[in-house]
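*Asks:* Once you've had a glance at the structure underneath, I'll fire off some questions.
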Amino acid sequence: MTLELAVRWAEIILGVAIFQQSLELLRGLAWEKTLGLVRAGLAILLMLGFQPLLIELALLGTAAVLISRYRGPYNGGSDTMTLLVLLCLCLSHLAPTRYWQEIALGYLAIQLTLSYFQSGWVKLVNAQWRSGEALQQVFALSAYPVSNAVREWAQKPGLLWVMTWAVIAFELLFPLALLNQTMLFIALFIAGLFHLANACLFGLNRFFWIWPAAYPVIIWFQQRMMEIM
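Quick note: the sequence shown, position 199, residue 199 per my numbering, numbers continuous.
And the structure:
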């Protein structure tokens with residue numbers, strides 16, 4: 001995948017993610033509805049590829065408004081990842097040379113890799129996660145409106161222990177996928193299924209689009225890394 005194609009695909013998926021996020025604001029106060037409509041319109045233009053640099057700068061401006069209003073990311077990790085992808089893509093357009101374009105996108109790819117690895121490491125050093133108790137509490141005490149069938153999974157500690165260690169192992173081993181293109185495609189497919197499962201089970205739908213927005217970039221990065229090596 002070329003750098004240009006990776007950026008285009010990343011912008012399309014990012015546009016979908018921001019459009020989805022913007023719809024949430026339409027249920028808020030008048031100024032939130034207005035901002036939501038503005039962001040939704042900008043997201044559509046980004047998907048269409050219309051003046052991506054200007055659109056991304058405008059989206060960064062609206063993000064700054066939200067951060068100022070809520071004194072931090074509006075929705076935690078998904079908003080933080082949105083800002084990271086948006087900023088790196090914007091920097092890739094502002095970069096004066098190809099070298100600095102690659103630096104901006106390479107940083108995004110490394111941060112995506114670390115996001116999985118760090119998540120696995122945090123679970124590994126936490127006794128409640130190692131025992132499966134943490135995941136059991138997630139199913140039993142989720143604040144999201146999940147079904148009773150999903151909550152019943154909390155009564156299956158053996159299954160949750162296996163699921164916990166499967167997630168920990170995958171997240172810790174994710175960086176190794178950079179060593180082989182086939183391994184990377186498999187890892188990204190599994191990661192995408194993981195985000196989809198979280199969206200279906202717990203309503204964490206924001207994560208399903210924003211993490212894959214960086215996938216085209218990491219695919220380019222892996223290919224570029226193999227060329228250098």
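For glycine and all other residues, C-beta sits at the position ideal for the given N, C-alpha and C.
Below 9 Å between beta carbons: does that hold for H195 and L204?
*Replies:* H195 places its beta carbon less than 9 Å from that of L204.
*Asks:* In three-state DSSP terms, what is F50?
*Replies:* The three-state secondary structure of F50, taken from DSSP, is coil.
*Asks:* Kindly list the residues whose CB is nearer than 8 Å to the CB of L172, restricted to its own chain and excluding five residues on each side of it in sequence; keep chain order.
*Replies:* Correct list, in chain order: F117, G120, W121 and L124.
*Asks:* Could you name the residues of the same chain whose beta carbon sits closer than 6 Å to that of S78, not counting the 5 residues immediately before and after it, in chain order?
*Replies:* R206, F207 and I210
*Asks:* From I168 to F174, what distance separates their C-alpha atoms?
*Replies:* 10 Å
*Asks:* Figure out for me which residue from G28, V150 and G106 has the closest Cα to the Cα of N198.
*Replies:* Ranked by how close their Cα comes to the Cα of N198, the residues G28, V150 and G106 have V150 in first place.
*Asks:* Based on Cα-Cα distance, which residue from E24, L201 and A6 lies nearest to L66?
*Replies:* E24
*Asks:* For chain C, find out if any of its Cβ atoms is closer than 9 Å to the Cβ of L159; answer yes or no.
*Replies:* Protein chains in the displayed structure number just one, and chain C is not present.
*Asks:* Locate the alpha helix (DSSP H) running through A197, then write down its first and last residues.
*Replies:* Q181 to F202
*Asks:* Determine whether the beta carbon atoms of S92 and L84 lie at a separation below 9 Å.
*Replies:* no
*Asks:* Taking the straight line between their C-alpha atoms, what separation do you get for L89 and M1?
*Replies:* So the two alpha carbons sit approximately 16 Å from each other.
*Asks:* With DSSP collapsed to three states, give me the class of N126.
*Replies:* coil
*Asks:* Taking all protein chains shown into account, do 16 or more other C-beta atoms lie within 10 angstroms of the C-beta of A214, making it buried, or fewer, making it exposed?
*Replies:* buried
*Asks:* For the alpha helix (DSSP H) holding W161, just list the boundary residues, first then last.
*Replies:* Per DSSP, the continuous alpha helix (DSSP H) segment holding W161 begins and ends at P157 to L173.
*Asks:* Please classify R69: does DSSP put it in a helix, a strand, or coil?
*Replies:* helix
*Asks:* Since L108 and V16 are thought to touch, with beta carbons under 8 Å apart, how far apart are those beta carbons, to the nearest angstrom?
*Replies:* 17 Å between Cβ atoms; not a contact.
*Asks:* Less than 9 Å separating the beta-carbons of R39 and L59?
*Replies:* yes
*Asks:* DSSP state of P212, grouped into three classes?
*Replies:* helix
*Asks:* Starting from the Cα of Q20, find the closest Cα among Q155, I44 and T164 and give me that residue.
*Replies:* I44
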